[in-house]
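One gets this note's numbering by counting positions in the sequence shown from 1 and adding 14 to each.
By construction, the Cβ of each residue, glycine as well, lies at the ideal position given by its N, Cα and C atoms.
As the structure is a computational prediction, the values presented were derived from the model and not from experiment.
Data first, discussion second: the structure below is written as structure tokens.
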Amino acid sequence: MSAIEAEAELSEDERAGLELVRQTGGIHQSDFWKELDVSSRKGSRIVESLVEKELVDREETVYNGHNTYYISPTARDLDFTLLMAGDMLSPFIGEEEVDPNSDAFSQWIMNLAYEE
Numbered sequence: 015m016s017a018i019e020a021e022a023e024l025s026e027d028e029r030a031g032l033e034l035v036r037q038t039g040g041i042h043q044s045d046f047w048k049e050l051d052v053s054s055r056k057g058s059r060i061v062e063s064l065v066e067k068e069l070v071d072r073e074e075t076v077y078n079g080h081n082t083y084y085i086s087p088t089a090r091d092l093d094f095t096l097l098m099a100g101d102m103l104s105p106f107i108g109e110e111e112v113d114p115n116s117d118a119f120s121q122w123i124m125n126l127a128y129e130e
């Protein structure tokens, strides 16, 4: 089943949970159910369903001194196209300062301009 098909079959609570994870970019499960205003049991079931449908990832972690899970969007939910110009990665994602007069920067801008 594709992600689009899986999303189409989500319950209202699952849809709200997925939206919360996407909006936050990731959230601890102990906060997840509180934000959704559901019981921890129901929150766990929502997360399990989203993990099963491969719409979110769940990783064990310690948060505020307690064992919990960190829920994050699956990699396919992340849109990296804004970092790209053709097959070139944006020069702005590094820690180094970008010289706007450099050939690499000019080439990146030209790739943006000529993308379809």
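Where residue i and residue j are concerned, what is the direct C-alpha to C-alpha distance, given to the nearest angstrom?
i, j, result
"Glu66", "Glu23", "13 Å"
"Asp71", "Ser53", "20 Å"
"Leu69", "Asn81", "22 Å"
"Asp45", "Ser116", "46 Å"
"Val112", "Gln121", "13 Å"
With distances taken from CA atoms, which of the options is nearest residue i?
i, options, result
"Ser63", "His80, Val112, Ile85", "Ile85"
Between the beta-carbon of residue i and the beta-carbon of residue j, is there less than 8 Å?
i, j, result
"Ile60", "Gly31", "yes"
"Arg29", "Pro87", "no"
In the DSSP output, what is residue i paired with across the bridge?
i, result
"Asn81", "Val76"
Please give me, in chain order, every unbroken run of the alpha helix (DSSP H) with length at least 4 that falls completely inside the stretch 31-59. Within the stretch 31-59, the alpha helix (DSSP H) runs of at least 4 residues that lie entirely inside it are, in chain order, 43-50.
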